[in-house]
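2 protein chains.
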Amino acid sequence: MRNNYSFKMMITENFPEQLKQKGLKVTPQRLAIYEAVVKLKNHPTAEKIIEYIRVNHPNISVGTVYKVLDSLVENNLLKKVKSDKDIMRYDAVVIHHHHLYCSETDRIEDYKDEALDTLILEYFSKKKINNFKIQDITLQISGKFNNT
Amino acid sequence: MRNNYSFKMMITENFPEQLKQKGLKVTPQRLAIYEAVVKLKNHPTAEKIIEYIRVNHPNISVGTVYKVLDSLVENNLLKKVKSDKDIMRYDAVVIHHHHLYCSETDRIEDYKDEALDTLILEYFSKKKINNFKIQDITLQISGKFNNT
DNA sequence: CTGCGTGCAAATGGTTTGCACTACG
DNA sequence: CGTAGTGCAAACCATTTGCACGCAG
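Those protein sequences? They're chains A and B, same order as listed.
Every letter in the first sequence is one number past the one before it in numbering that gives the first Met the number 0, and letter 86, counting from 1, is 85.
Every letter in the second sequence is one number past the one before it in numbering that gives the first Met the number 0, and letter 18, counting from 1, is 17.
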């Protein structure tokens, strides 16, 4: 977490072990679904995940996918991402980071910037908000990707 | 927009006139729905809005409420607010501002802070994001309200 | 045995859509 | 007339739920 360049690397580190630590059993369904979220770029919807795993696991049911996603989010192994649409999307990067949104293309990219975080934290260490205790600040940065 | 203390005041300014400017007809339904969003604190859901207007307008239908909300959002007279749940909520404050979230109570408060905006803008005027052109930055500030 | 995890299908619930009707220019 | 706006009810669709089965400890 100290180095920015590799903040996405930890997402695949020993997922089965993390399941065990949380008291969750290691099942083919959970492995497949987690792999789908990691491999699929652009913060997939449940639908995309189902589509992806169906190739190698045609028998995993829709209900199971939602149940697994919920339990992984609850155990902080995945994160839910709100998009402009009212469809939930999922993110395998669970450490603190921001998001770049393009409303035209529905593309969502992770954005980590510790200098920015520090700047904002410093600001709020001086300026308090009335009757509110801050726990977390996440930026939604909207704009356009340059043809990539 | 220059003075912070009154940033919520403009929301009620001559709504019928704004409708006309956008080429929308002034109807009792639109007035009632807009009034509901303004009067109801905490960024109401469609359900809360329906509940509110039902008292004085028992015959406005659910479909109409959704259609009116959509058209007002499209014409920038209201804004959609994403909450943790997958239910849409609406905000009568359409100028740029941030949100304070309390996940425990589902409370959402508007937060305007031009000094903070300036700070962040200055930061990004120096540091560019690769392949991305920023159009808007919105903060989601999560935390807890102090018993108010 | 005990129970977590799964598959399946039905149910749920917020939102949308189609269509006929109305009011107003 | 012509059309934007509305009411109503059915449809939609992402997600949830209930339940029976299966597998591992």
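No residue lacks a Cβ here, since even glycine has one placed at the ideal position from N, Cα and C.
Buried/exposed call for residue i, threshold 16 Cβ in 10 Å
i: LYS81(B); result: buried
i: VAL64(A); result: buried
i: GLU108(A); result: buried
i: MET0(A); result: Confidence in MET0(A) is poor, its pLDDT being 45 and thus under 50, which makes the residue's placement unreliable; the coordinate value appears in the next sentence. Classification of MET0(A): exposed, given that the 10 Å Cβ count is below 16.
i: VAL92(A); result: buried
i: LEU120(A); result: exposed
i: TYR4(A); result: Interpretation of TYR4(A) is limited by its pLDDT of 48, a score under 50 that renders its predicted location unreliable; no figure is taken from the coordinates.
i: ASN13(B); result: exposed
C-beta contact flag for residue i and residue j at 8 Å
i: VAL36(B); j: LEU99(B); result: no
i: LEU68(A); j: ILE32(A); result: yes
i: TYR122(A); j: LEU115(B); result: yes
i: ASN145(A); j: PHE131(B); result: yes
i: ILE128(A); j: TYR110(B); result: yes
i: PRO15(B); j: HIS56(B); result: no
i: ASP83(A); j: SER102(A); result: yes
i: HIS42(B); j: ASP90(B); result: yes
i: ILE48(B); j: LEU39(B); result: yes
i: SER70(A); j: LEU23(A); result: yes
i: LYS66(A); j: VAL72(A); result: no
Chain A residues whose Cβ lies nearer than 8 Å to that of residue i
i: ILE136(B); result: LEU138, GLN139, ILE140 and SER141
Contacts that residue i makes with chain B (C-beta to C-beta distance below 9 Å)
i: ASN145(A); result: ASN129, ASN130, PHE131 and LYS132
i: LEU99(A); result: ILE128, PHE131 and ILE133
i: TYR110(A); result: ILE128 and PHE131
Proximal residues of chain B, C-beta to C-beta of residue i below 7 Å
i: ASP85(A); result: ASP85 and MET87
i: LYS81(A); result: LYS81
i: LEU115(A); result: TYR122
Chain A contact residues for residue i, given Cβ-Cβ distances below 9 Å
i: LEU118(B); result: LEU118, ILE119 and TYR122
Identity of the residues DSSP links to residue i by a beta bridge
i: GLU108(A); result: LEU99(A)
i: PHE123(B); result: According to DSSP, which records beta bridges pairwise, PHE123(B) is partnered with nothing at all.
i: PHE144(A); result: PHE131(B)
i: ASP90(A); result: LYS78(A)
i: LEU138(B); result: LEU138(A)
i: THR26(A); result: The partner list for THR26(A) (beta bridge, DSSP) is empty, contrary to what the question assumes.
* **Inter-stretch contact (C-beta, 8 Å, three-pair minimum) for the region 131-141 of chain A and the region 130-138 of chain B** => In short, these stretches touch, since the Cβ pair count reaches three.
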